Every structure is written in structure tokens, then in C-alpha cells.
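S.K.:
Number of protein chains: 2
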Amino acid sequence: MNQKAEKPMVTVDIVVFTVKNGDLNILLVKRKFNPFKGKWALPGGFIREKEEIKKAAARELEEETGVSGVYLEQLYTFGEVKRDPRGRVITVAYFALVPDDKFRLRASYDAEDVQFFSTKSLPLLAFDHKEILQYAIERLRNKIQYTNVAWSLLPSAFTLREIQDVYQAIWGRHLDKRNFRKKLLSLGLLRSLKRHKRGSRQRPAQLHSFKSTRPIELKRFF
Amino acid sequence: MNQKAEKPMVTVDIVVFTVKNGDLNILLVKRKFNPFKGKWALPGGFIREKEEIKKAAARELEEETGVSGVYLEQLYTFGEVKRDPRGRVITVAYFALVPDDKFRLRASYDAEDVQFFSTKSLPLLAFDHKEILQYAIERLRNKIQYTNVAWSLLPSAFTLREIQDVYQAIWGRHLDKRNFRKKLLSLGLLRSLKRHKRGSRQRPAQLHSFKSTRPIELKRFF
DNA sequence: TCAAAAGTGTTGTGTGTACACCCATGT
DNA sequence: ACATGGGTGTACACACAACACTTTTGA
Numbered sequence: 545m546n547q548k549a550e551k552p553m554v555t556v557d558i559v560v561f562t563v564k565n566g567d568l569n570i571l572l573v574k575r576k577f578n579p580f581k582g583k584w585a586l587p588g589g590f591i592r593e594k595e596e597i598k599k600a601a602a603r604e605l606e607e608e609t610g611v612s613g614v615y616l617e618q619l620y621t622f623g624e625v626k627r628d629p630r631g632r633v634i635t636v637a638y639f640a641l642v643p644d645d646k647f648r649l650r651a652s653y654d655a656e657d658v659q660f661f662s663t664k665s666l667p668l669l670a671f672d673h674k675e676i677l678q679y680a681i682e683r684l685r686n687k688i689q690y691t692n693v694a695w696s697l698l699p700s701a702f703t704l705r706e707i708q709d710v711y712q713a714i715w716g717r718h719l720d721k722r723n724f725r726k727k728l729l730s731l732g733l734l735r736s737l738k739r740h741k742r743g744s745r746q747r748p749a750q751l752h753s754f755k756s757t758r759p760i761e762l763k764r765f766f
Numbered sequence: 545m546n547q548k549a550e551k552p553m554v555t556v557d558i559v560v561f562t563v564k565n566g567d568l569n570i571l572l573v574k575r576k577f578n579p580f581k582g583k584w585a586l587p588g589g590f591i592r593e594k595e596e597i598k599k600a601a602a603r604e605l606e607e608e609t610g611v612s613g614v615y616l617e618q619l620y621t622f623g624e625v626k627r628d629p630r631g632r633v634i635t636v637a638y639f640a641l642v643p644d645d646k647f648r649l650r651a652s653y654d655a656e657d658v659q660f661f662s663t664k665s666l667p668l669l670a671f672d673h674k675e676i677l678q679y680a681i682e683r684l685r686n687k688i689q690y691t692n693v694a695w696s697l698l699p700s701a702f703t704l705r706e707i708q709d710v711y712q713a714i715w716g717r718h719l720d721k722r723n724f725r726k727k728l729l730s731l732g733l734l735r736s737l738k739r740h741k742r743g744s745r746q747r748p749a750q751l752h753s754f755k756s757t758r759p760i761e762l763k764r765f766f
């Protein structure tokens, strides 16, 4: 190995997904400083000297949303030489899956605002964050085909309608209710609770929960 | 973003796969310097100041094997704080797929030897390279299920037996010849050549080539 | 003539997909 | 009573998996 290399800076950026009323949303922060002051960007920041990379992502996520213990997976490392006008900055991108009911947004030191946006109507993004986001959506779409990660987007008790909405939001297309339920229930990984979801002005829906929350590889899923 | 962070060093490491007589092999280099002097390690090195990360991986690969233009994909970024005794070193791992007939190994400045090893009988590896390698194998196994990347491991003309061997080497299990051929041919992506592979003391096998080499996403593949 | 790999079809089983009606509730 | 989403079953098409024998060559 040749030690002559100049050291780049290394950051983490996090694509935080949630599903809000049937729509896939991601978290953005409004930058308080240059470059891209006033523009929306993915939450993120520098990795500390003796901090594991994933820990850094979890810390940044916790700072912006107050949530911890959610699904967090490394996505890809973006390092184009000129992606940051300040110099060589390599960013390790992560994506997080957060249930709609869990977070409490907070502005932070370098963000003047924090907000969820529907992936259907996004503002212009700073840096190469649009590319990162597209990559994250693609990964999520692929991943729900052979894992149960999408479940991380749900609260602990949910209706079958709600879980179908999560899949539809990610896929961006409608699924047949009967086929969806048949397939999902045949996996044998749900427990149906005694309780029903009341309060809407329709027939109350049976609530369900997962027997286990840990990640599972499925043969194939839709 | 908080600028107080100490800059880590950033390297690339490459897992170079090939299939040699029915066995999945990877390229290792014997380290000439400390740390881990004399131990086998993945080829790799530092990213240069104004060099794209993938370019760095391609350059290191070319230096050790003389090949270029092969399949090269970013795998994962490993950054455990203490993975390198010299200090904080974050490595962006790549994997490459190289046809058996293409390379010409060369020792380089910091490697005293370069050699392919069967994944069935590997030496002890330096750093966390065992972990990187396991991750790469897992990724390759998953990837052949829904893409045609494995084709990058074949020469331009090959027999159906040879392509089956590639899949079997990666999967680590035997596949039924008739089912394999039926599935593969039904994709309509092969062209059967006029030539036959003679010279072995069995019946000559029809040679084939790919109509197109570019990467394709398949619905599912074995 | 023998050894070794090439080549070739059929059948059963399981999984995905398409599709329509009645039910329970709140207003 | 009515609007709204909840809940349920069947039939067809397709893909995967299991399985054995004949052919062609070189030695």
C-alpha cells in the first residue's frame, strides 16, 4: 500500500423512510450553513474519530428524529471527487425504516428545519443527494421482494390494510387484496390479536402483530 | 455538519472471483510489509487524491492481474475502528468477476506473491479480510439469482457444461442438467455457434456465446 | 468396445394471478 | 338506509423439480 494519499473527509448520510397515509416519505433537513445553505438535504454528518460508521449514522438519526433502535442498513458509498465543493468528501449512505408513529422531529445545530416529504413531490436536493435517494428507493423496492424489512415501517399492532399500504407505497402500484392476504398469512409469521381497530366509520379491522421482529430472508415475496 | 472530526484513511479492497475447473477461486496477495507481513490479503490500496473510488479499485485490480474492463461492483464499506493497527482506516470493498482465461498475475510493489485460491481451502487472511470475503460470496450467491452477472466469469465462447459449472461453483451444489439447460435457453439470450469444443476424449460440445454482454435484471434465476 | 460426457421430454406439484360479492359499522 | 372499507374462495396458467436413456467421440 502506498501511503502518499491525501486523506478525504468521511461522512454518513441517512435516507429515513416512513409511510404516511399510503405514501412513501423521506426525512429532509434544511441546511443552515453553506454550501447549499437553505436547501433541503439528507440528514448526516461527519464520523467521529473513534466512532463506528453505523454508530455515527444511528447518532445522526437520533439527533434529528429522536428515534433509535430502528432498522438501519448500509446502502452504498458515494465518493465522486467533486460531489462536495469544500473538497474531497466521501459519504457512506445508510437507509432507515421508521414506523409512522415513532418519531419526534427536532431541528438541530446545523439544520434550521426538519420535515418529511412524500417521494412523489420532493424539493431540489443539495449535493448528490437525489442520486443517493434514488439508489435507496431502488434498494428498498428490491429488498421487500426477498426479506421482511418492510415490517420495520409498521407499528406493533396494525391492520392487514395498513401492511398492504406499506407494500403498495414502496412498489408504487396497487395489489390485489385477496392475493396479498393469502400470501402474507401463509407465511405464518403474523399473530392476529383480539383487538380491532375501531373509530373509523367503517367495519372495524382485525389487528395483527408479528410473532417475531427479527429479519428473515424469504424465498421470494411478490 | 460538525467539522471537528479527524480524517480517517480510505482504501479500496477487491475480491476478485474466477471459476477454475469447477471451483470458485479468489485472488490473494502475500504482503511484503507490516502489518501482517507475509500474510495473505485481498488486493487493494489507498485512494488517490483526485481519483474516483471505482477507478482506484480498477487500477489496483489492473496492477495485480493485468485485466481491465471486467465486471466490478461496489460491495460494502468496512470501517470498524480497530480493523487496522495503524489507525483508522475505512475500506470500500469491491468485487470483480474475471474469466478464467483473462488474467496474467504479477507481483507488485507491496506484494511478494499473487495467487488464486479455491474458496474451499483458504489460508488465514490479514485484517478483517475474511469477513469481507464472506460478505462477497454471499452477495455473489444472491446476485446470480436475479441477474446475469455470473456470465462475466465466462470466456466469449463456452459450452453449456461450462456455464453450469459456474453456477454450481457459486451455489456450491449440483444442478440438474436438463432443467438448467431448459431454463437457460428459454431466456433467449444465448447464441449457439457453429463450432464445437473438441479435444477432450468425449463427444464434442456445442459452443455458445451471449447475444449481448450488458447486465440484465432477471425476474428470478434458480 | 469402452469410458466419458453430450444431448434430449414428460409429468406432477406448487405458486402467482385474475376476479366479485356479502358484512359490519358509524353517520 | 347508506357509504365505506373489511373480509372471503375458486379456477387457470405457468414455472420449478424430479427423473433415465441414447448419442458421439477418442483412446
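Protein chains in written order, with the numbering used here: chain A, 545 to 766; chain B, 545 to 766. Heads up, the beta-carbon is just placed ideally off N, CA and C, and yes, glycines get one too. All values derive from a computational prediction rather than experimental measurement.
1) Taking C-beta to C-beta, are L704/B and Q712/B nearer than 8 Å?
2) Quick check: is the beta carbon of T562/B nearer than 8 Å to any beta carbon in chain A?
3) Counting only Cβ pairs nearer than 9 Å, list the residues of chain A close to Y711/B.
4) Determine whether the Cβ of P552/B lies closer than 8 Å to any Cβ atom of chain A.
5) By the 10 Å Cβ neighbour count, where 16 or more other Cβ atoms means buried, how is N569/B classified, buried or exposed?
6) Roughly how far, in whole angstroms, is the beta-carbon of Q689/B from the beta-carbon of F765/B, given that I think they are within contact range, below 8 Å?
7) What does Q618/A touch in chain B if you count any residue whose Cβ is under 7 Å from its own?
8) DSSP on I760/B, reduced to helix/strand/coil?
9) Assuming T609/B contacts L668/B under a Cβ cut-off of 8 Å, what Cβ separation, rounded to an integer in Å, is found between them?
10) Using a Cβ-Cβ cut-off of 6 Å (strictly less than) and excluding sequence neighbours within five positions of R747/B, which residues of its own chain qualify?
11) Please state the DSSP three-state secondary structure of D672/A.
12) May I ask you to list, following chain order, the residues of the stretch 586 to 599 of chain B that have a beta carbon less than 9 Å from some beta carbon of chain A?
13) Assign L762/A to one of two classes, buried (16 or more other C-beta atoms within 10 Å of its C-beta) or exposed (fewer than that).
14) Of the residues E617/A, K738/A, F580/A, which one's Cα is nearest the Cα of R630/A?
15) Would you call the CB atoms of I714/B and L684/B closer than 8 Å?
16) Using the beta-carbon count (16 or more within 10 Å), is Q547/B buried or exposed?
17) Round the Cβ separation of V573/B and A637/B to the nearest angstrom and send it over; I've been treating them as touching at under 8 Å.
18) Please report how far the alpha carbon of G623/A lies from the alpha carbon of V554/B, in whole angstroms.
19) With DSSP run on the structure shown, which of helix, strand or coil describes R735/A?
20) Cβ closer than 9 Å: which chain A residues qualify as neighbours of V636/B?
21) Does the CB of L762/A have a neighbour CB from chain B at under 8 Å?
22) Going by Cα to Cα distance, which pick from K755/B, V693/B, F724/B, G743/B is closest to V642/B?
23) Give me the Cα-Cα distance between A670/B and I681/B, rounded to the nearest whole angstrom.
24) What would DSSP say about K741/B, mapped onto helix, strand or coil?
25) What residue range does the alpha helix (DSSP H) around F639/B cover?
26) Can you tell me the Cβ-Cβ gap for V611/A and F647/A, rounded? I've got them flagged as a contact below 8 Å.
27) Can you check which of these residues, D557/B, A601/B, V563/B, V556/B, is closest to E706/B by C-alpha distance?
28) Once DSSP output is grouped into helix, strand and coil, what is the label at V542/A?
29) Taking the DSSP output, what are the residues bridged to T691/B?
30) Would G588/B pass as a contact of E607/B if the rule is Cβ separation under 8 Å?
M.R.: In brief:
1) Residue mapping note: residue 704/B aligns to position 160 of the second sequence, counting from 1. Residue mapping note: residue 712/B aligns to position 168 of the second sequence, counting from 1. Contact flag unset, no.
2) Taking the second sequence and counting its residues from 1, one reaches residue 562/B at position 18. So no, T562/B is outside the interface.
3) What you label residue 711/B is simply residue 167 of the second sequence in a count that begins at 1. Per Cβ cutoff of 9 Å: no residues; Y711/B is ~18 Å from chain A at best.
4) Within the second sequence, the letter at position 8 stands for residue 552/B. Yes, its Cβ sits closer than 8 Å to a Cβ of chain A.
5) In the second sequence, counting from the first residue as 1, residue 569/B sits at position 25. The residue is buried, with at least 16 neighbouring Cβ atoms inside 10 Å.
6) Start at 1 with the first residue of the second sequence, and residue 689/B comes out as number 145. Start at 1 with the first residue of the second sequence, and residue 765/B comes out as number 221. That pair is a contact at about 5 Å.
7) Within the first sequence, numbered from 1, the residue matching residue 618/A stands at position 74. Counting only Cβ-Cβ distances below 7 Å, Q618/A has contacts in chain B at Y620, T621, in chain order.
8) Your numbering for residue 760/B matches position 216 in the second sequence. Coil at I760/B, not helix or strand.
9) In the second sequence, counting from the first residue as 1, residue 609/B sits at position 65. In the second sequence, counting from the first residue as 1, residue 668/B sits at position 124. Actually they are not in contact, since the Cβ atoms of T609/B and L668/B sit about 22 Å apart, beyond 8 Å.
10) Residue mapping note: residue 747/B aligns to position 203 of the second sequence, counting from 1. Within the same chain, R747/B has no close Cβ partners at all.
11) Sequence index remark: in the first sequence, residue 672/A carries index 128 (1-based). In the structure shown, D672/A sits in coil (DSSP, three-state: anything other than H, G, I, E or B).
12) Only those residues of the stretch 586 to 599 of chain B whose C-beta falls short of 9 Å from the nearest C-beta of chain A are listed: G588, G589, F590, I591, R592, E593, K594, E595, E596, I597, K598.
13) Taking the first residue of the first sequence as 1, we reach residue 762/A at position 218. Result: exposed.
14) Here the question's residue 630/A lines up with position 86 in the first sequence. For R630/A, the nearest C-alpha among the options comes from F580/A.
15) Position 170 of the second sequence, counted from the first residue, corresponds to residue 714/B. Position 140 of the second sequence, counted from the first residue, corresponds to residue 684/B. Yes; because the gap between Cβ atoms is below 8 Å, this pair is in contact.
16) Mapped onto the second sequence, residue 547/B falls at position 3. Only weak support is given to the placement of Q547/B: the predicted model assigns it a pLDDT of 46, under 50, and the value that follows is read from those uncertain coordinates. With fewer than 16 other Cβ atoms within 10 Å, it is exposed.
17) The sequence position of residue 573/B within the second sequence is 29, counting from 1. The sequence position of residue 637/B within the second sequence is 93, counting from 1. No, V573/B and A637/B are not in contact; Cβ-Cβ is about 15 Å, not under 8 Å.
18) Sequence index remark: in the first sequence, residue 623/A carries index 79 (1-based). Sequence index remark: in the second sequence, residue 554/B carries index 10 (1-based). Cα to Cα, the separation comes out at about 11 Å.
19) Translated into the one-based positions of the first sequence, residue 735/A becomes position 191. In the structure shown, R735/A sits in a strand (DSSP, three-state: E or B).
20) Reading the second sequence from its first residue, position 92 is the one you call residue 636/B. Per Cβ cutoff of 9 Å: T621, G623, I634, V636.
21) Against the first sequence, residue 762/A aligns to sequence position 218. By this cut-off, L762/A is not an interface position.
22) Looking up residue 642/B in the second sequence gives position 98. It is V693/B.
23) Taking the second sequence and counting its residues from 1, the one referred to as residue 670/B is at position 126. Taking the second sequence and counting its residues from 1, the one referred to as residue 681/B is at position 137. Going by the C-alpha atoms only, they are around 18 Å apart.
24) For the purposes of this step, residue 741/B is taken as the residue at position 197 of the second sequence. Strand.
25) Here residue 639/B refers to the residue found at position 95 when the second sequence is read from its first residue. Premise fails: F639/B lies in the beta strand (DSSP E), 633 to 641, not in any alpha helix (DSSP H).
26) Your numbering for residue 611/A matches position 67 in the first sequence. Your numbering for residue 647/A matches position 103 in the first sequence. Indeed, because the Cβ distance is near 5 Å, the residues count as touching under 8 Å.
27) Along the second sequence, one-based indexing puts residue 706/B at 162. Looking at the Cα atoms, V563/B is the closest of the given residues.
28) The displayed coordinates of chain A run from 545 to 766. Any statement about residue 542/A would go beyond what the structure contains.
29) For the purposes of this step, residue 691/B is identified with residue 147 of the second sequence, where counting begins at 1. Answer is E761/B, bridged to T691/B.
30) By one-based count along the second sequence, residue 588/B stands at place 44. By one-based count along the second sequence, residue 607/B stands at place 63. In this structure, E607/B does not lie closer than 8 Å to G588/B by Cβ.
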